[in-house]
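Asks: This note's numbering applies: residue 1 is where the sequence shown begins, and numbers increase by one. Glycine is no exception: its CB is placed at the ideal position from the N, C-alpha and C atoms. Let me give you the structure first, and then I'll get to my questions.
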Amino acid sequence: MQDGKKTLYSAIQPTNNLTIGNYLGAIKNMTALQNDYNCFYAVADMHAITVRQQPAELRAKTLSLIALYIACGIDPEKCTLYVQSHVPAHAQLAWVLNTFTYVGEMERMTQFKDKSARHADNINMGLMDYPVLMAADILLYGADYVPVGEDQRQHLEITRDIAQRFNNAYSPTFTVPEGIFMKVGAKIGDLQSPDKKMSKSAENPNGSVFLSDDKDTIIRKFKRAVTDSGSEIYYDPVNKAGISNLLGIYSVFSDKTVQEAERDFCGVGYGEFKLAVGEAVAEKLAPIQREQARLLEDKQYLNEILKKNSEYASRTAGRTLAKVYKKIGFYQL
Ligand code: TRP
Numbered sequence: 001m002q003d004g005k006k007t008l009y010s011a012i013q014p015t016n017n018l019t020i021g022n023y024l025g026a027i028k029n030m031t032a033l034q035n036d037y038n039c040f041y042a043v044a045d046m047h048a049i050t051v052r053q054q055p056a057e058l059r060a061k062t063l064s065l066i067a068l069y070i071a072c073g074i075d076p077e078k079c080t081l082y083v084q085s086h087v088p089a090h091a092q093l094a095w096v097l098n099t100f101t102y103v104g105e106m107e108r109m110t111q112f113k114d115k116s117a118r119h120a121d122n123i124n125m126g127l128m129d130y131p132v133l134m135a136a137d138i139l140l141y142g143a144d145y146v147p148v149g150e151d152q153r154q155h156l157e158i159t160r161d162i163a164q165r166f167n168n169a170y171s172p173t174f175t176v177p178e179g180i181f182m183k184v185g186a187k188i189g190d191l192q193s194p195d196k197k198m199s200k201s202a203e204n205p206n207g208s209v210f211l212s213d214d215k216d217t218i219i220r221k222f223k224r225a226v227t228d229s230g231s232e233i234y235y236d237p238v239n240k241a242g243i244s245n246l247l248g249i250y251s252v253f254s255d256k257t258v259q260e261a262e263r264d265f266c267g268v269g270y271g272e273f274k275l276a277v278g279e280a281v282a283e284k285l286a287p288i289q290r291e292q293a294r295l296l297e298d299k300q301y302l303n304e305i306l307k308k309n310s311e312y313a314s315r316t317a318g319r320t321l322a323k324v325y326k327k328i329g330f331y332q333l
């Protein structure tokens, strides 16, 4: 704990092609929390390699995500924004935690089962060990809270189990973290199948809007969004899933309530409405994309930030690792 503030930890994989749902569900929240918590935000490149990556692409996406975090309003002077592989303690603690984790538990993880099915030609140990590395990330910094998507709930539970198991075997060492499961992003549905969550790997690429999409692409995707029979625009997620999803998106991207949005589009046709939603989204993303591009031009600045922050992260993580090494009986010099 620093300045009496609680600690918060979160990370995003650089290979996630982030959708507007991720922006609302994760990054916007992470930005909002940075004043009240001592925040550690990482780019999880070590998690990313559990699925085969193109080296040049992984490198570029890592820096690009750092720039995106900053462009979205994460202040690298306030938060510890860093790249996971720059802090060796993650791998070191993960090894120790492996000896407190059972093979059966890992085999039962839903994400492991899903990913094994999708990458049947490469079910590597890292894929199975993914949750333990995540536990190491979180526990190294003594995080009290971990804001993540609903899909990470199981990983957070295993993190808590591992922490408690270690604490019980030795003495209180790790803070047992709480997950903060964000709901806003979860509300954004796919534009082609609004009853499904908008995801990075949707069957129909027109269903997802990415943070990296340019204005024309965004407008095109919204123009093609499925609507419902009828012609009126009002919020009714059961009978008008498509229109309600669009109203929800419009309301968050234009900072209006859904009621205000309904009023804005009273008597307006579906076509015009879809265009307006696309424009609201494009307008909100444009300055973020511009700032991200500007930052990526200034690699020296980004590198300086990363260096400074990873040094701070390494010191913090190193203290936890030293305690762990001592408790388990590693010979100390
Ligand atoms: N596994 C997370 C995801 O895919 C990313 C992640 C890695 C993470 N380490 C973390 C999230 C630690 C929270 C805390 O979204």
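Suppose only complete runs of 4+ residues qualify. What are the alpha helix (DSSP H) ranges in the segment 230-312, listed by chain order?
Replies: 241-253, 258-264 and 270-297
Asks: Are there three or more Cβ pairs, one per stretch, closer than 8 Å when the segment 144-159 is compared with the segment 9-19?
Replies: yes
Asks: CA-CA distance, alanine 117 and isoleucine 123?
Replies: 9 Å
Asks: Going by other Cβ atoms of all chains shown within 10 Å of its Cβ, with 16 needed for buried, is asparagine 245 buried or exposed?
Replies: buried
Asks: Confirm the yes/no value for this check: CB of histidine 47, any heavy atom of the ligand TRP, distance under 6 Å.
Replies: yes
Asks: Starting from the C-beta of tyrosine 82, find all residues in its chain whose C-beta is less than 7 Å away, skip the five residues before and the five after it, and write them out in chain order.
Replies: Ala42, Leu306, Asn309, Ser310 and Ala313
Asks: Any heavy atom of the ligand TRP closer than 6 Å to the Cβ of isoleucine 138?
Replies: Correct: isoleucine 138 has its Cβ closer than 6 Å to the ligand TRP.
Asks: So, at 7 Å on beta carbons, what are the nonlocal neighbours of proline 194 in its own chain, with the 5 sequence-adjacent residues on each side left out?
Replies: Val226, Ala241, Gly242 and Asn245
Asks: Quick one: is the Cβ of methionine 134 within less than 6 Å of any heavy atom of the ligand TRP?
Replies: yes
Asks: For phenylalanine 40, report the span of its beta strand (DSSP E) as first-last.
Replies: 37-43
Asks: In terms of residue numbering, what span does the beta strand (DSSP E) encompassing serine 10 cover?
Replies: Bounds of the beta strand (DSSP E) holding serine 10 are 6-12.
Asks: Would you call the segment 160-177 and the segment 28-47 touching, i.e. three or more CB-CB distances under 8 Å?
Replies: no
Asks: Give a yes or no on whether the C-beta atoms belonging to threonine 50 and leucine 127 are separated by under 7 Å.
Replies: Result yes, Cβ atoms of threonine 50 and leucine 127 sit closer than 7 Å.
Asks: On the three-state DSSP scale, how would you describe leucine 58?
Replies: helix
Asks: So, using beta-carbon positions, are glutamine 13 and alanine 60 closer together than 7 Å?
Replies: no
Asks: Under DSSP, the beta strand (DSSP E) around leucine 33 begins and ends at which residues?
Replies: Careful: leucine 33 lies outside any beta strand (DSSP E), inside the alpha helix (DSSP H) at 28-33.
Asks: Quick check: the Cα distance between tyrosine 325 and aspartate 121, rounded to an integer number of angstroms?
Replies: Separation of tyrosine 325 and aspartate 121 (C-alpha to C-alpha, rounded to the nearest whole angstrom) is 36 Å.
Asks: Measure from the alpha carbon of isoleucine 188 to the alpha carbon of each residue in Thr15, Met109, Asp129 and Asn22, then state which is nearest.
Replies: Out of Thr15, Met109, Asp129 and Asn22, Asn22 has the C-alpha closest to the C-alpha of isoleucine 188.
Asks: Is valine 146 close to the ligand TRP? I mean its beta-carbon at under 6 Å from any heavy atom of the ligand.
Replies: yes
Asks: Quick check: what's the CA-CA separation for isoleucine 20 versus aspartate 228?
Replies: 22 Å
Asks: Under 7 Å, do tyrosine 301 and alanine 280 count as touching if we go by C-beta distance?
Replies: no
Asks: For lysine 131, report the span of its alpha helix (DSSP H) as first-last.
Replies: Looking at the sequence shown, residue 131 is not lysine but proline. Proline 131 -> alpha helix (DSSP H) spans 125-140.
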